[in-house]
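Written out below as structure tokens is the structure these notes cover.
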Amino acid sequence: MRTSYSCSAYEWEFARLFSAVGRADRGYRNMPYIGCLAVPAIAITMFILYYLLQAVLPRSAEQDIMWLKDWAITAGLVVGGVIFIRSVNTPGRHRKYPDTAVRVPLVVTDAGGIAVNLFNNLDARILPYIKWSSVEHVLIDVTKANNHYVGGRVFAFRKELRFDEIKRRLPDFTETVKEIYDDRFTLLLNIGKGINTRTLKYAIIQIPVSWLYDGQFAALLGDIRSNVQAPIKYYDQHAERSFSSWADTYL
35 MRTSYSCSAY EWEFARLFSA VGRADRGYRN MPYIGCLAVP AIAITMFILY
85 YLLQAVLPRS AEQDIMWLKD WAITAGLVVG GVIFIRSVNT PGRHRKYPDT
135 AVRVPLVVTD AGGIAVNLFN NLDARILPYI KWSSVEHVLI DVTKANNHYV
185 GGRVFAFRKE LRFDEIKRRL PDFTETVKEI YDDRFTLLLN IGKGINTRTL
235 KYAIIQIPVS WLYDGQFAAL LGDIRSNVQA PIKYYDQHAE RSFSSWADTY
285 L
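According to my numbering, numbering within the sequence shown proceeds without interruption in unit steps and concludes at 285.
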């Protein structure tokens with residue numbers, strides 16, 4: 035059965051800033067590093083091909099294949115650069131900003147897996163989707179900036195700019211920039227500490243505040259428990275205390 039968990043446009047705008055999906059089983063995969071890997075891969079392949087041909091062809095034909103050696107690095111840079119740029123630009127091309135009068139499905143689940151609607155685009159070719167069988171563990175944390183989990187420093191001014199951009203489109207957007215939000219939660223799929231960290235296939239799902247009180251968060255947790263073998267745990271003791279305080283009243 036397909037289930038949609040929806041929120042307001044304001045909550046969706048906030049959630050997408052604090053959510054991420056890496057190497058989804060279907061849809062947008064967020065893998066710009068493939069372009070970086072293509073540079074040495076193509077160059078090495080062309081060098082190998084050059085030396086193989088050099089070994090089997092007569093010396094008189096060596097000049098005819100010299101271009102493989104001369105253009106190896108250039109070809110790798112060109113192809114790798116195209117792949118990298120296309121991957122980075124994909125979100126902007128496919129994102130649809132929501133109408134404030136309608137609710138936006140942020141999370142969609144079915145018998146096969148879970149999708150996170152980061153682009154307000156339910157096209158299966160775009161919607162990032164992770165199979166239940168790919169989810170090895172689930173953690174609950176209070177909402178934090180994504181760099182707390184997947185590495186890479188996020189400068190404060192960048193977050194300020196992103197919030198300002200939302201406020202220009204949605205003047206009633208009242209959220210403020212923080213590093214940690216103790217009044218709401220985030221679900222971490224295949225994200226953890228130390229040996230539990232899995233950066234190739236993961237999901238960070240920021241939970242809208244309204245879900246804590248309208249039953250959707252409780253329903254989503256039940257959905258996950260029904261489909262994932264591993265128990266839902268907590269990112270740290272602070273997350274456990276915050277969740278327990280909420281659960282005592284609403285779960």
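Built from N, CA and C at the ideal position, the CB exists for glycine as well.
Quick one, are the C-beta atoms of residue i and residue j less than 8 Å apart?
i: Ile214; j: Ala54; result: no
i: Phe153; j: Ile164; result: no
i: Asp175; j: Phe219; result: yes
i: Tyr268; j: Gly56; result: no
i: Asp216; j: Ser260; result: no
i: Val141; j: Leu255; result: no
i: Ala149; j: Pro162; result: yes
i: Ala158; j: Arg60; result: yes
i: Arg202; j: Tyr131; result: no
i: Glu45; j: Ile200; result: no
What first and last residue would you give for the beta strand (DSSP E) that runs through residue i?
i: Gln263; result: Premise fails: Gln263 is in no beta strand (DSSP E) and is neither H nor E.
i: Ala131; result: It is Tyr, not Ala, that sits at residue 131 in the sequence shown. Looking at the DSSP string, Tyr131 is not in any beta strand (DSSP E), and its letter there is neither H nor E.
i: Leu140; result: Val138 to Thr143
i: Tyr163; result: Tyr163 to Lys165
Go through its chain and collect everything with a Cβ distance to residue i's Cβ below 6 Å, but skip five positions before and after it.
i: Thr134; result: Ala43
i: Pro139; result: Ser38, Ser40 and Asn151
i: Val211; result: Lys193, Glu194 and Phe197
Just verifying my parser: in three-state terms, what is the DSSP assignment at residue i?
i: Lys235; result: coil
i: Lys212; result: coil
i: Ile148; result: strand
i: Tyr39; result: strand
i: Phe207; result: coil
i: Phe277; result: helix
i: Asp248; result: helix
i: Leu156; result: coil
i: Leu223; result: strand
i: Asp270; result: coil
Grab the span of the alpha helix (DSSP H) containing residue i for me, first residue to last.
i: Asp175; result: Counting along the chain, Asp175 falls outside any alpha helix (DSSP H), though it belongs to the beta strand (DSSP E) covering Val172 to Lys178.
i: Leu51; result: Ala43 to Leu51
i: Ala58; result: It is not in any alpha helix (DSSP H) - Ala58 carries neither H nor E in the DSSP assignment.
Could you name the residues of the same chain whose beta carbon sits closer than 7 Å to that of residue i, not counting the 5 residues immediately before and after it, in chain order?
i: Ile241; result: Arg218, Phe219, Thr220, Leu221 and Phe251
i: Leu173; result: Leu222, Ile225, Gly226, Lys267, Tyr268 and Tyr269
i: Ala273; result: Ile174, Asp175 and Val176
i: Asp257; result: Thr37 and Thr143
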